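Notes follow the structure.
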Amino acid sequence: MQGSLFENDSSASTQKESPAKFRDLSDLYEQSKNCTRCRLAATRTNFVFGEGNPEAQIVVIGEAPGAEEDTQGRPFVGRSGKLLDKILEAIGFSRDDVFICNIIKCRPPENRNPLSDEIECCMPWLKTQLQLIKPKILLLLGRVAANTVLDNKQSMGNLRGKIIRWSGYDVIVTYHPAALLRNPNWKRHCWEDVKMLRSHYDTLQS
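Residue numbers (the working numbering): 26 to 231.
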């Protein structure tokens, strides 16, 4: 996919998802929940729009819904979601304080990585969510989410551990909770990342 999330604003798809077209996130959800732009519409159970505070200062972005998310229509409700809840709670946030979503709103079969054309079809929905919410900080979970949103191919080692100023947002990258479940030794790095997020958030509030 060429360009970053906020480029190509003259495209028809981007014009269609201009935030001016929608009253709020609820309106955007009603307009997006029956999306059939890509092949994933044929295999999904639910369109997983995202949830949380519509005026959140922090938006948490993962890769794509899994089986539990597809069943319930909510992001991060499986094992990795429970871990995400604990991570947020450890730095003083609940799910109601942030907004949680994914770059892809429908589950890829067998939880495979989203394909480039699927990402291209779904990205305008994420772009419009961010423009309606107007967060100050993005927390990107995992390499796929980070590489997609930041439009690069850098490794987690190069991306995490710092604040990246990008397209008007302060971006922090850390490991996806599913990766932490597979590799518990990465939890220490994740803890460092989210403590940095909390400190930066507090600085922005002062």
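Built from N, CA and C at the ideal position, the CB exists for glycine as well.
All of these numbers come straight from a predicted model, not from anything done at the bench.
Is it the case that the Cβ atoms of residue i and residue j are separated by a distance below 8 Å?
i    : j    : result
R132 : A92  : yes
E114 : V102 : no
L155 : V73  : no
G106 : N71  : no
N177 : D122 : no
P160 : A66  : no
P202 : L53  : no
D182 : C126 : Correcting the residue type first, residue 182 is Gly in the shown sequence and not Asp. In this structure, C126 does not lie closer than 8 Å to G182 by Cβ.
L157 : L50  : yes
Within a Cβ cutoff of 6 Å, which residues of the same chain sit near residue i, ignoring the five residues on either side of it in sequence?
i    : result
G28  : Any reading at G28 must be qualified, since the residue scores a pLDDT of 38, below 50, and its modelled position is unreliable; the value itself is stated next. Same-chain partners within the cutoff: there are none.
D34  : The pLDDT assigned to D34 is 39, lower than 50, so where the model puts this residue is not dependable, and the model offers no usable value.
R62  : C146
F47  : L53
Y194 : L163
A37  : Summary for A37: the model assigns pLDDT 36, below 50, so the residue's position carries little reliability, and this model does not support an answer.
Could you name the residues that DSSP lists as bridge partners for residue i?
i    : result
L164 : V85 and I197
W191 : Y194
E94  : Note: E94 sits in no beta bridge, so no partner.
G77  : F124
Output needed for residue i: all residues of its chain with C-beta closer than 8 Å, excluding positions within five of it in sequence on either side, in chain order.
i    : result
I128 : I86, G87, E88, A89, P139, I144, C147, M148, L151, V169, A170, T173 and V174
G117 : R223
F124 : G75, E76, G77, N78, P79, A81, I83, V84, V85, Q154, I158 and P160
A204 : G167 and W211
Tell me, to the nearest whole angstrom, how far the beta carbon of residue i is from that of residue j; I am working on the premise that it is less than 8 Å.
i    : j    : result
K185 : V198 : In the sequence under discussion, the amino acid at residue 185 is Arg, which differs from the Lys named in the question. Between V198 and R185 the Cβ distance is about 5 Å, and since that is below 8 Å, they are a contact.
L215 : Y226 : Per the sequence presented here, residue 215 reads as Cys, with Leu not at that position. In fact, because the Cβ distance is near 16 Å, the residues do not count as touching under 8 Å.
I104 : L166 : For the record, residue 104 in the displayed sequence is Arg; it is not Ile. 14 Å between Cβ atoms; not a contact.
V196 : I112 : That belief does not hold up - the Cβ atoms of V196 and I112 are roughly 17 Å apart, past 8 Å.
Who are the near neighbours of residue i in its chain, counting only those whose CB is closer than 7 Å to its CB and skipping five residues on each side?
i    : result
R69  : D95, C131 and R132
P134 : T68
Q56  : F47
Which whole runs of the alpha helix (DSSP H) in the stretch 197-223 are 4 residues long or more, in chain order? Listed in chain order, the complete alpha helix (DSSP H) runs (minimum 4 residues) inside the stretch 197-223 are 202-207.
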